[in-house]
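Numbering (the numbering used here), first residue to last: 1 to 169.
Idealized CB from N, CA, C, for every residue including glycine.
One structure is given below, encoded as structure tokens.
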């Protein structure tokens, strides 16, 4: 019996069969290593904030400012999310202030730069588009050409990561 591919469940049965074949032949890790051999240097919350601000400045100058960007070790486990954007509204004096925060799962500290960029681009796109609609994905593709392929490969990476943990246990 084949294992459920939880990160790829929305994809076609044909594509899932190809992934199952890569797994069965032990080639999934090799595919990912060949395609994404590098690791990024964005290791601290400060570096992540600056990285995020640079992308925002390049692509979304008129979007609301970002007040905080951090790696969050609880995201992957507690919320089944890889990134999270929040707007915290507070009344200060007679004005309503909204603070925008982006949290990126800590697992992205040790991934390919393309994967980190994909998650940051995804969360930045939410500054302009709240829903995962066509406009949202067009914006993601504009900010990171090849976005859809990288998102798919990230799902493969997460699948490989889960399988590696199961084998190690």
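{"query": "Measure the CB-CB distance between residue 101 and residue 68 and report whether it falls below 8 Å.", "result": "yes"}
{"query": "Grouping DSSP H, G and I as helix and E and B as strand, with all else coil, what is residue 92?", "result": "strand"}
{"query": "Given this structure, state the Cα-to-Cα distance separating residue 142 from residue 118, to the nearest angstrom.", "result": "12 Å"}
{"query": "Between which two residues does the alpha helix (DSSP H) containing residue 153 stretch?", "result": "147–168"}
{"query": "Taking its Cβ as the centre, do 16 or more other Cβ atoms sit within 10 Å of residue 50, making it buried, or is it exposed?", "result": "exposed"}
{"query": "Could you name the residues of the same chain whose beta carbon sits closer than 6 Å to that of residue 185, not counting the 5 residues immediately before and after it, in chain order?", "result": "This structure cannot settle anything about residue 185, because the visible part of the chain is limited to 1 through 169."}
{"query": "According to the Cβ coordinates, are residue 86 and residue 39 closer than 8 Å?", "result": "no"}
{"query": "Determine the direct distance from the alpha carbon of residue 54 to that of residue 162, and round the result to whole angstroms.", "result": "32 Å"}
{"query": "Measure the CB-CB distance between residue 19 and residue 156 and report whether it falls below 8 Å.", "result": "yes"}
{"query": "Rounded C-beta distance between residue 5 and residue 159? I'm assuming under 8 Å.", "result": "6 Å"}
{"query": "Rounding to the nearest angstrom, what Cα-Cα distance links residue 24 and residue 10 in this structure?", "result": "21 Å"}
{"query": "Let me know the secondary structure DSSP gives residue 17 once reduced to three states.", "result": "helix"}
{"query": "Among the candidates 166, 15, 84 and 138, whose CA atom is the shortest distance from the CA of residue 70?", "result": "84"}
{"query": "For the alpha helix (DSSP H) containing residue 45, name the first residue and the last one.", "result": "45–59"}
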